[in-house]
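Colleague:
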Amino acid sequence: MLDIAIVGAGPCGLATALRLHQRGFRPRIYESVAELQPLGVGIDVKVYGTRELDELGLLEEFRAISVDAEESIFYNNHGQEIYAERCGVHMGYLYEQRFVHRGYLQMLLHRTVLDRLGPDALVPGARCVGYTNGDDAVTLDLRHADGRTSQVVADVVVAADGIKSAVRRQMHPDSSRPTYSGITMWRGTTLMEPFRGGHTILHIGAPSVSSMIVYPIADDFEGSGLTLVNWVVEATRGESVEDWNQTGTVDEVLGYYDDCDLGFLDVRQMLRDAREVYLFPLIRHEPLDRWVDGRVVLAGDAAHAMYPRGGNGACQSIVDGRVIAEKLATTDDPVAALHAYQDERLEAVNRIVLAHRGEGYEVIRRMVEERTGGRRFDDIEQVLPLAEADAIFSRYHALVGQPRPGYAAGEATGFRTAGAESR
Ligand SMILES: Cc1cc2nc3c(=O)[nH]c(=O)nc-3n(C[C@H](O)[C@H](O)[C@H](O)COP(=O)(O)OP(=O)(O)OC[C@H]3O[C@@H](n4cnc5c(N)ncnc54)[C@H](O)[C@@H]3O)c2cc1C
């Protein structure tokens, strides 16, 4: 049996271990952090991500820690509705789209790895600082939390060590330096009463100034009877470090929502009541032209760091794990298997990386801003006809690998909610 080492116990490394285990392998994960904590805020898991979790036998447990997404609604900066679509099974997909706390998802995968593969399947406090490819094996250099160094010899290394991947740096020493886009995300959570029944994602704002996305990630959070709501505000700002744990305040962005009246939610109050606020600059990592070096392969954010918009970073990283396991299980030569994974995934995922730098379907808010000069409108159908918005959404869903059911048959998929006209 192949000896497989995985670097990093984020969603990618953990899901890859579970996929490899399903195929009969016994991989071991080396994680730099001495004790995994449920860090991060919300992730919007698309229907194809939920399918992956079902195939891992985790659907019920995933449902227990996440919220079913029923509808997605778009507003201008005045709080006027532009467009709405249903999500997941409510749109006709076979799987649900669900909202989850990133840390809770990671902890579910972590627990499952320890249950299924055994407690020694994860080596915490072990940072990979380099690798050396040999003819028949690869050697990983590790630095441990207690200061020790050690080496591990494996047949294959899957590097899932995230946006600042040490393995990627070694594999691509000349790849261009990441550059700041000029946009920063303020990411946070607020414990509050649910809005619109507790299953809605909101997209708000005039993008030339600021955009906000809001969705619930946990009902009855820790027995409080309240909903934990995740929000992300994007606006221009000076550069800061690319660190998921960098904290900030909402003071700089509150003013962008002075005129925003949604009726059912006071977004300024929600921002003021934040339990935690993190800053995350949108950094451009240029797509890589290869993910394989000998017996070492990149996966997840290490292979394809993308702007954290729309949950595809997490979902695509989980797909990587399935494809790596499938190729290693069905190809005699492990190096050929790694290339087969790269051939299947690299081009398609790089297209998503580039698409995420643009606005994706969020472009409809900019179109409305431009067509109205940022002012209130009287009739949205005169500004952005439903059919025009529908075509934009259908193209995006197809790009990320989940074409809208019914669209090819000409069925209308978008809608406007009751009461949209009156605001
Ligand atoms: C602390 C944290 C908070 C996050 N919060 C959010 C969020 O709120 N919303 C969102 O959309 N995405 C968030 N992400 C990113 C998100 O998890 C990823 O985009 C996506 O899930 C892909 O996961 P990944 O496993 O490839 O990378 P990551 O989730 O970044 O996991 C990488 C893992 O590798 C470990 N690692 C790093 N370097 C080494 C090394 N040299 N040796 C060994 N181990 C190493 C890290 O400690 C981490 O556990 C967060 C990531 C982190 C690390």
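Just so we're aligned, residue 513 is where the sequence shown starts under my numbering, counting upward by one. Just so it is clear, CB atoms sit at the ideal spot from N, CA and C, and this is done for glycine as well. Keep in mind the model is a prediction, meaning the values are calculated, not measured.
(1) Could you tell me whether the Cβ atoms of V847 and R802 are closer together than 8 Å?
(2) If you draw a straight line from the C-alpha of M497 to the C-alpha of V765, how long is it?
(3) For the alpha helix (DSSP H) containing D686, list its first residue and its last residue.
(4) So, is R834 buried or exposed, given that buried needs 16 or more other C-beta atoms within 10 angstroms?
(5) Would you mind giving the Cβ-Cβ distance between V557 and D731, rounded to the nearest angstrom? I have them listed as a contact below 8 Å.
(6) Would you be able to state if there are at least three C-beta pairs under 8 Å between the region 628 to 644 and the region 525 to 533?
(7) Roughly how far, in whole angstroms, is the beta-carbon of T644 from the beta-carbon of L654, given that I think they are within contact range, below 8 Å?
(8) Nearest CA to the CA of L823: which residue from L738, L858, V912?
(9) Round the Cβ separation of I713 and P523 to the nearest angstrom and send it over; I've been treating them as touching at under 8 Å.
(10) Measure the C-alpha to C-alpha separation of N588 and A581 and round it to an integer number of angstroms.
(11) Which partner residues of G700 appear in the DSSP bridge assignment?
(12) Would you call the region 812 to 819 and the region 669 to 683 in contact, with 3 or more CB pairs under 8 Å?
(13) Can Y819 be considered in contact with ligand 1, in the sense that its beta carbon sits closer than 7 Å to one or more heavy atoms?
(14) When DSSP labels each residue in this structure, what does A517 get in the three-state scheme?
(15) With R623 as the anchor, note down where its alpha helix (DSSP H) starts and where it stops.
(16) Nearest CA to the CA of G637: which residue from M619, G659, D647?
(17) Look at the alpha carbon of G825 and the alpha carbon of A903, and state the distance between them as a whole number of angstroms.
(18) Can you tell me the Cα-Cα spacing of T929 and R708, whole angstroms?
(19) Quick test of your reading: G918 and W756, contact by CB under 8 Å. State the CB separation rounded to the nearest angstrom.
(20) Kindly indicate the opening and closing residues of the alpha helix (DSSP H) around M724.
(21) Tell me which same chain residues have a C-beta within less than 6 Å of the C-beta of H656, skipping the five on either side of it?
(22) What does the alpha-carbon distance come out to for the pair L794 and D832?
(23) Mind checking which residues open and close the beta strand (DSSP E) that includes T651?
(24) Quick check: what's the CA-CA separation for H851 versus V804?
(25) What residue does the beta strand (DSSP E) around I675 start on, and which one ends it?
(26) Relative to ligand 1, is the shortest distance from any of its heavy atoms to the C-beta of Y542 smaller than 7 Å?
(27) With distances taken from CA atoms, which of L652, L896, F733 is nearest A576?
(28) Pick from Q549, D771, Y768: whose alpha carbon is nearest that of Q618?
(29) Verify whether the separation of the beta carbon atoms of V726 and V741 is less than 8 Å.
(30) Following a CB-centred definition, is C599 positioned closer than 7 Å to any heavy atom of ligand 1?
(31) Would a C-beta distance cut-off of 8 Å place Y819 and R787 closer than the cut-off?
(32) Between A811 and A672, is the Cβ-Cβ spacing less than 8 Å?
(33) Tell me whether the beta-carbon of V1002 lies closer than 8 Å to the beta-carbon of P799.
(34) Apply the 10 Å Cβ neighbour rule to R681 and answer buried if 16 or more other Cβ atoms are within range, or exposed otherwise.
(35) What are the uninterrupted segments assigned as alpha helix (DSSP H) that are 4 or more residues long and contained completely in the region 866 to 899, given in chain order?
(36) Report buried or exposed for P719, applying the criterion of at least 16 other Cβ atoms within 10 angstroms of its Cβ.
Modeller: Reading it off the structure:
(1) For the purposes of this step, residue 847 is taken as residue 335 along the sequence shown, with counting starting at 1. For the purposes of this step, residue 802 is taken as residue 290 along the sequence shown, with counting starting at 1. Using a Cβ distance threshold of 8 Å, V847 and R802 do not count as a contacting pair.
(2) No statement about residue 497 is possible, as the shown extent of the chain runs from 513 to 935 and does not include it.
(3) Position 174 of the sequence shown holds residue 686. Secondary structure note for D686: it is in no alpha helix (DSSP H), with a DSSP letter that is neither H nor E.
(4) The residue you call residue 834 lines up with position 322 of the sequence shown. That one is buried.
(5) As a first step, residue 557 must be located in the sequence shown, where it is residue number 45. As a first step, residue 731 must be located in the sequence shown, where it is residue number 219. Not confirmed; about 16 Å, so no contact.
(6) Yes, since at least three Cβ pairs between the region 525 to 533 and the region 628 to 644 fall closer than 8 Å, the two stretches touch.
(7) Position 132 of the sequence shown holds residue 644. Position 142 of the sequence shown holds residue 654. That pair is no contact at about 13 Å.
(8) As a position in the sequence shown, residue 823 is number 311, starting the count at 1. Just to set this straight, residue 823 is Gly in the shown sequence, not Leu. It is V912 whose Cα lies nearest to the Cα of G823.
(9) The residue given as residue 713 occupies position 201 in the sequence shown. The residue given as residue 523 occupies position 11 in the sequence shown. With a Cβ gap of about 20 Å, I713 and P523 do not count as contacting.
(10) Residue 588 sits at position 76 when you count from the first residue of the sequence shown. Residue 581 sits at position 69 when you count from the first residue of the sequence shown. Going by C-alpha positions, N588 is about 21 Å away from A581.
(11) Walking along the sequence shown from the start, residue 700 turns up at place 188. Within the DSSP secondary-structure output, G700 pairs in a beta bridge with W743, V789.
(12) The region 812 to 819 is in contact with the region 669 to 683.
(13) In the sequence shown, the residue the question calls residue 819 occupies position 307. Checking the Cβ of Y819 against ligand 1 gives no.
(14) Numbered from 1 along the sequence shown, position 5 holds the residue referred to as residue 517. Three-state result, A517: strand.
(15) To locate residue 623, count along the sequence shown from 1; it is residue 111. Per DSSP, the continuous alpha helix (DSSP H) segment holding R623 begins and ends at 614 to 629.
(16) The residue given as residue 637 occupies position 125 in the sequence shown. For G637, the nearest C-alpha among the options comes from G659.
(17) Taking the sequence shown and counting its residues from 1, one reaches residue 825 at position 313. Taking the sequence shown and counting its residues from 1, one reaches residue 903 at position 391. The straight-line gap separating the alpha-carbon atoms of G825 and A903 is approximately 24 Å.
(18) Your numbering for residue 929 matches position 417 in the sequence shown. Your numbering for residue 708 matches position 196 in the sequence shown. Distance between the alpha carbons of T929 and R708: 11 Å.
(19) Taking the sequence shown and counting its residues from 1, the one referred to as residue 918 is at position 406. Taking the sequence shown and counting its residues from 1, the one referred to as residue 756 is at position 244. Not quite, the Cβ-Cβ distance comes to about 37 Å (not below 8 Å), so this is no contact.
(20) On the sequence shown, residue 724 is found 212 positions in, with the first residue counted as 1. It is not in any alpha helix (DSSP H) - M724 instead sits in the beta strand (DSSP E) that spans 723 to 730.
(21) As a first step, residue 656 is located in the sequence shown; it is residue number 144 there, counting from the start. Here the set comprises G637, A638.
(22) By 1-based counting over the sequence shown, the position of residue 794 is 282. By 1-based counting over the sequence shown, the position of residue 832 is 320. Whole-angstrom Cα-Cα distance: 23 Å.
(23) Taking the sequence shown and counting its residues from 1, one reaches residue 651 at position 139. 650 to 656 is the span of the beta strand (DSSP E), which, as asked, contains T651.
(24) What you label residue 851 is simply residue 339 of the sequence shown in a count that begins at 1. What you label residue 804 is simply residue 292 of the sequence shown in a count that begins at 1. One C-alpha to the other measures close to 7 Å.
(25) The residue labelled residue 675 in the question sits at position 163 within the sequence shown. Premise fails: I675 is in no beta strand (DSSP E) and is neither H nor E.
(26) Residue mapping note: residue 542 aligns to position 30 of the sequence shown, counting from 1. True, at least one ligand heavy atom lies under 7 Å from that Cβ.
(27) Locating residue 576 in the sequence shown gives position 64, where the first residue counts as 1. Taking only the C-alpha atoms, the option nearest A576 is F733.
(28) One-based indexing of the sequence shown puts residue 618 at position 106. The shortest Cα separation from Q618 among Q549, D771, Y768 belongs to Q549.
(29) Along the sequence shown, one-based indexing puts residue 726 at 214. Along the sequence shown, one-based indexing puts residue 741 at 229. Contact: yes.
(30) Working through the sequence shown from its first residue, we reach residue 599 at position 87. Result no, Cβ not under 7 Å from ligand 1.
(31) In the sequence shown, counting from the first residue as 1, residue 819 sits at position 307. In the sequence shown, counting from the first residue as 1, residue 787 sits at position 275. Not a contact, by the Cβ cut-off of 8 Å.
(32) Within the sequence shown, numbered from 1, the residue matching residue 811 stands at position 299. Within the sequence shown, numbered from 1, the residue matching residue 672 stands at position 160. In this structure, A672 lies closer than 8 Å to A811 by Cβ.
(33) Only positions 513 to 935 of the chain appear in this structure, which leaves residue 1002 out of reach.
(34) Here residue 681 corresponds to residue number 169 of the sequence shown, with the count starting at 1. Burial is judged here by how many other beta carbons sit within 10 angstroms of a residue's own beta carbon; R681 has fewer than 16 and is exposed.
(35) If we require 4 residues or more, the alpha helix (DSSP H) runs fully inside the region 866 to 899 come out as 875 to 884, 892 to 895.
(36) Locating residue 719 in the sequence shown gives position 207, where the first residue counts as 1. P719 is classed as buried because its beta carbon has at least 16 other beta carbons within 10 Å across all chains shown.
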